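To start, the structure itself, in structure tokens.
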Amino acid sequence: MKAESSGLILGISIGVVIGVFLAILALYCIRYQRKRAQINSSSSRRAATLPIRTNGVDTCTVLSDSTMGADSPRHYEKSVNGMSLWFDGFKKSSVVSASGIPEYCYRDLQKATQNFTTLIGQGAFGPVYKAQMSTGETVAVKVLASDSKQGEKEFQTEFVFERVTYANLSAPPPCGSNSPSDDLIGFGSPPSGPGSCSQVKLLGRLHHRNLLNLVGYCADKGKNMLIYAYMSNGNLASHLYNEKMEPLSWDRRVHTALDVARGVEYLHDGAVPPVIHRDIKSSNILLDQSMRARVSDFGLSREEMVDGHASNLRGTFGYLDPEYICTRTFTKKSDVYSYGVLLFELIAARNPLQGLMEYVELAAMNAGGGTGWEEIADPRLEGNFDIQELNEVAALAYKCVNRVPKKRPSMRSTVQVLTRILKSRHSKKHTGTPLSAMPEEVAIDIDQAEGQTPVRQLKREESFDSMDTDL
Ligand SMILES: Nc1ncnc2c1ncn2[C@@H]1O[C@H](COP(=O)(O)OP(=O)(O)OP(=O)(O)O)[C@@H](O)[C@H]1O
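The sequence shown: position 468 = 468 (full-length UniProt numbering), numbered continuously.
This is the structure we're talking about:
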């Protein structure tokens with residue numbers, strides 16, 4: 001009996017020991033499996049976020065496609081390694097430079113522009129050509145005229161953007177003015193030079209649906225060229241002033257005003273460090289194939305010439321903030337002034353160099369209490385506009401051109417006012433219409449007006465980028 005019970009105890013003990021051993025083994029196996037799974041997933045995540053490398057050159061930044069529309073040379077179809085076709089097509093001839101922007105060789109651009117015969121425009125920088133890349137993408141190539149001092153400066157400004165702007169800021173302002181006001185853009189610390197990572201960050205991060213971004217450049221065989229997304233509907237000025245073109249509808253003009261306001265708002269409040277455009281004007285607003293506007297030439301400024309001599313003033317006469325002319329201090333509010341002139345151009349289709357603002361001042365004497373601005377409306381509109389809306393846009397424009405910079409609204413406020421105008425237009429027209437039933441463009445504008453993507457939270461450019469991809 002005793003032997004029997006001690007055998008039983010021994011059996012139970014052995015059973016317990018084996019059970020515990022098996023449980024420990026099972027736990028160990030589970031933990032091992034989990035760890036393996038974690039290692040696998042983190043290594044694949046790492047692979048997915050590795051910066052683009054082309055020809056062994058690190059880009060320091062992954063290029064965003066957030067600015068790309070249908071006209072863009074980079075409507076990405078991701079290839080296996082995460083690089084776009086845009087790069088793949090040019091692997092042999094282009095490299096992604098240290099600035100993060102792909103560099104192309106002269107020969108390829110010569111071929112793409114049929115030996116530079118496809119002229120589409122001429123600016124102070126030099127001629128602009130339409131180019132058909134071998135991938136089938138269409139781009140615009142700005143060639144720096146070899147005799148153009150302006151162009152050389154501009155190339156430097158656009159390409160070595162941060163360095164030049166910083167240098168401008170640190171120069172003592174002329175006209176006895178004080179150092180730049182708090183309003184003025186500033187860069188935290190001097191960048192370390194061309195090709196540095198701080199420069200990469202600036203150029204690589206200026207992405208917005210309403211900005212025309214640099215998509216490549218060429219510095220080969222003594223030629224400097226800048227490559228941009230091709231905007232098939234040209235510039236806004238030609239739509240306003242070319243009698244051969246269909247006049248823009250009032251509706252399109254308000255949407256254009258909002259697109260531009262959003263692009264500039266991004267430069268002022270979304271970009272880090274903030275950027276002042278310095279040359280907002282209708283010829284710097286380009287229209288894509290769906291007539292959405294993109295602001296071009298941001299951050300650079302041409303020097304105005306007076307009787308063949310450099311005036312020391314950057315920007316374009318007719319759009320220049322009078323306060324800047326006096327103090328030589330350019331602020332965000334100087335951009336707001338130029339934007340106000342552009343708004344009046346949209347309303348009246350009159351060139352600022354041909355007395356637009358004198359015309360506006362005359363009309364302002366009669367306009368008051370939110371009425372009376374309709375007398376300056378573009379005759380080609382043939383009265384096809386909502387009078388109240390036109391008066392609201394004109395009142396906003398008039399605030400933007402206030403002589404006192406502090407009384408001008410911020411670009412963020414202009415975006416809010418314009419979205420409110422669009423919102424009330426559509427609620428008047430479609431009372432009770434759900435947003436989802438409205439045309440996409442309108443729904444997007446109203447969405448943002450209602451703060452579904454609160455701008456205040458979009459201080460960082462990454463947030464603006466993610467907003468762009470929604471557009
Ligand atoms: N990306 C583009 N897509 C289509 N057309 C373009 C593009 N870039 C420029 N153009 C055309 O070329 C013209 C000249 O452009 P550019 O930026 O060199 O000068 P601008 O802005 O018109 O004048 P300025 O140099 O005096 O400021 C533009 O007005 C536009 O018609």
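From the three backbone atoms N, C-alpha and C, an ideal C-beta is built for every residue, glycine too. Computed from a predicted structure; not experimentally measured.
- Per DSSP, I285 is one residue of the beta strand (DSSP E) stretching across I285 to L287.
- By the CB criterion at 8 Å, S296 and L212 fall inside the cutoff.
- Nearest Cα to I280 within the set V341, L258, H239 and S290: V341.
- Distance between N235 and K429, taken at the CA atoms: about 30 Å.
- If you draw a straight line from the Cα of R31 to the Cα of G15, it comes to about 24 Å.
- In the DSSP annotation of this structure, the continuous segment of the beta strand (DSSP E) that includes D220 starts and ends at L214 to D220.
- One thing to note: V275 has its Cβ no nearer than 8 Å to the Cβ of L286.
- Annotation note: the segment 321 to 384 contains the following uninterrupted alpha helix (DSSP H) runs of length 4 or greater, listed N- to C-terminal: 322 to 327, 332 to 348 and 356 to 366.
- For E361 and A348, the gap between their C-alpha atoms comes out near 13 Å.
- Using a C-beta cut-off of 8 Å, the segment 131 to 147 makes contact with the segment 222 to 232, since at least three inter-stretch Cβ pairs fall below that distance.
- Taking 7 Å as the cut-off, one finds no heavy atom of ligand 1 near enough to the beta carbon of F116.
- DSSP places M225 outside any alpha helix (DSSP H); the residue lies instead in the beta strand (DSSP E), whose first and last residues are K223 to A229.
- Around the Cβ of R314, a 10 Å sphere holds 16 or more other Cβ atoms; the residue is buried.
- With contact defined as three or more Cβ pairs closer than 8 Å, the segment 328 to 335 and the segment 362 to 377 are not in contact.
- In the same chain as N284, and ignoring 5 residues on each side of it, the C-beta atoms closer than 7 Å to its own belong to V295, S296 and D297, in chain order.
- At least 8 Å separates the beta-carbon of P352 from that of R403.
- Each of D259, M245, E246 and W250 was checked against the Cα of N210, and the nearest Cα belongs to D259.
- Placement of the Cβ of S290 at a distance of 7 Å or more from every heavy atom of ligand 1 is found.
- A straight-line Cα-Cα distance of about 14 Å links K130 and G216.
- In the same chain as F116, and ignoring 5 residues on each side of it, the C-beta atoms closer than 8 Å to its own belong to Q110, P127, Y129 and V143, in chain order.
- As the crow flies, the alpha-carbon of Y319 is around 22 Å from that of R252.
- For R278, the three-state secondary structure derived from DSSP is coil.
- For the options L396, A124, I101 and M365, the alpha carbon positioned closest to that of L346 is the one of L396.
- Shortest gap from the CB of F317 to any heavy atom of ligand 1: 7 Å or more.
- No Cβ-Cβ contact shorter than 8 Å links K399 with R412.
- Pairing C105 with L418, the inter-Cα distance amounts to about 43 Å.
- By the CB criterion at 8 Å, R292 and V415 fall outside the cutoff.
- A distance below 7 Å between beta-carbons, with the five flanking residues on each side excluded, links G11 to no residue of its chain.
- For V401, there is no enclosing beta strand (DSSP E), as DSSP marks it with neither H nor E.
- The beta-carbon distance between H255 and V264, rounded to whole angstroms, is 15 Å. This is too long to meet the 8 Å contact definition.
- Taken through DSSP and simplified to helix, strand or coil, K407 comes out as helix.
- Taking C-beta atoms as the reference points, F385 and W250 count as a pair closer than 8 Å.
- Contact check for R350 against Y359 passes: the beta carbons are separated by less than 8 Å.
- With 16 or more neighbouring CB atoms inside 10 Å of its own CB, Y337 falls in the buried class.
- Looking at the DSSP output, L211 shares a beta bridge with V295.
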